[in-house]
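Just so you know, the sequences run in chain order A and B.
Residue numbering for the first sequence follows my numbering, starting at 1323 and increasing by one per position.
Residue numbering for the second sequence follows my numbering, starting at 3 and increasing by one per position.
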Amino acid sequence: MPIRALIIDDSSVMRKIVERSLAQAGIAMSEVFQAGNGAEALVVLKENRVDLILCDINMPVMDGLEFIKQLPGVENAKNVPVVMITTEGSEAQVVQALSSGASGYIRKPFTPEQVKEQVIPVLAGKV
Amino acid sequence: MNAGTAMQAPRGSQENWAALLEVATREVFALMLGCQLTAFATADESISDVTAMVGLAGQLCGVLSVRCSGKAAALMTSKMLGVALDKVGSEIADALGEVCNMVAGNFKNKIAGLAEGCMLSPPTVITGNDYTLRSQGDTPALEVRLLLEDLLIIISLQVHS
């Protein structure tokens, strides 16, 4: 069943790459929402329900870690899995993201296979 | 190809950093642009009219830059987006900034301790070549020169001790 995805990254090029990687990973999408930072993503989520959120960490205005902390208060984001995508390789940041509620973590640069490995179990509710 | 921490060098030695910088760059181009960079054999200099820079702070302070011609930057953008070269427009600066950001991140993640102890700034992109970059760095910059097809790409790391 096609999913509705929200891709959050301050780079529009990276948002397009993430969307293409999801498609290449065989994940069918009925709708893709995009946001340039966490604050914009919260606005998107006020009006739209999604099945998956892919979120960069280092962004202006509201970063990915702050965004994920705000999610429990957002009705449309309840039980929606979040996969972080970032350049940073810090284990501490991975732990912080996962302990804040992220379901997965993808490090840039990445392949569509790596996206698939992280996203498919998350969508299946196995993480 | 695994761009993770499989090939981690010790923090103390900087002798192999140029090699790590080259590996980090090649991995980003292979994984995100789907292309292989080749070695630059001649000493010819080509015009670098797009420059992306990312600052490093913490245990390693400095600036990592990626310089290339506008044609090379457009080709990178085309490959990143999977669109024809003539369809590439305003995304060039964004794309080159992301390439620089990923090279910097991939490089630091290959050196023990730096993944945790070194932070990256958001990328800055300069268009044009009539500028002078003055760094507080007191060591010669590491420089890697590679070809994307036949177009030169220069990756530099200026470390501040």
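Backbone N, C-alpha and C define an ideal beta-carbon position, used for all residues, glycine too.
- The criterion of a C-beta distance shorter than 8 Å is not satisfied by A/I1375 and A/L1387.
- The alpha helix (DSSP H) runs of length 4 or more contained entirely in the segment 65-108 of chain B are, from start to end of the chain, 72-83.
- DSSP places A/R1326 outside any alpha helix (DSSP H); the residue lies instead in the beta strand (DSSP E), whose first and last residues are 1325-1330.
- Chain order gives the chain B residues near A/K1338 as L83, where near means a beta carbon separation below 7 Å.
- With a contact defined as Cβ atoms closer than 8 Å, A/G1426 and A/V1402 miss out at about 13 Å.
- With a beta-carbon spacing of about 19 Å, B/I49 and B/S80 fall beyond the 8 Å limit used to define contacts.
- With fewer than 16 other Cβ atoms inside 10 Å of its own Cβ, A/S1352 counts as exposed.
- When secondary structure is reduced to three states using DSSP, A/F1432 falls in the coil class, being assigned neither helix nor strand.
- Counting only the Cα atoms, B/Q160 lies some 7 Å from B/P142.
- A/V1404 counts as buried, since no fewer than 16 other beta carbons sit within 10 angstroms of its beta carbon.
- A Cβ-Cβ contact shorter than 8 Å links A/A1361 with A/V1383.
- Cβ-Cβ separation between B/L144 and B/A74: approximately 20 Å, too far for a contact (criterion under 8 Å).
- DSSP, read as helix, strand or coil, puts B/L135 in coil.
- For B/E118, the enclosing alpha helix (DSSP H) begins and ends at 116-119.
- Of the candidates B/M121, B/V30, B/V25, the residue whose Cα lies closest to the Cα of A/E1413 is B/M121.
- The bridge partners DSSP lists for B/L150 are B/L153.
- Here B/P125 has A54, V56, G99, C102, N103 as same chain residues with Cβ atoms under 6 Å from its own Cβ, once five neighbours each way along the sequence are excluded.
- Here B/L148 is near B/T40, since their CB atoms are less than 8 Å apart.
- In this structure B/V90 is buried. Its beta-carbon is surrounded by 16 or more other beta-carbon atoms within 10 angstroms.
- The DSSP-derived three-state label of B/F42 is coil.
- In summary, B/A106 is buried, with 16 or more beta-carbon neighbours lying within 10 Å of its beta-carbon over all protein chains present.
- Taking the beta carbon of B/G107 as reference, the chain A residues within 9 Å of it are T1408, T1409, E1410, G1411, R1429, K1430, P1431, listed in sequence order.
- A direct Cα-Cα distance of roughly 32 Å separates A/V1437 from B/F42.
- Here the C-alpha atom of A/K1400 lies approximately 11 Å from the C-alpha atom of A/G1423.
- Under the DSSP assignment, B/Q16 falls outside any alpha helix (DSSP H); it carries neither an H nor an E label.
- Taking all protein chains in view, the Cβ of B/Q138 is surrounded by fewer than 16 other Cβ atoms within 10 Å, so the residue is classified as exposed.
- In the three-state reduction of the DSSP assignment, A/I1390 falls in the helix class, which pools H, G and I.
- Here DSSP, grouped into helix, strand and coil, assigns A/E1341 to helix.
- If you look at B/Q61, you'll find it isn't in any beta strand (DSSP E); DSSP assigns it neither H nor E.
- In the three-state DSSP reduction, B/E24 falls in the helix class (H, G or I).
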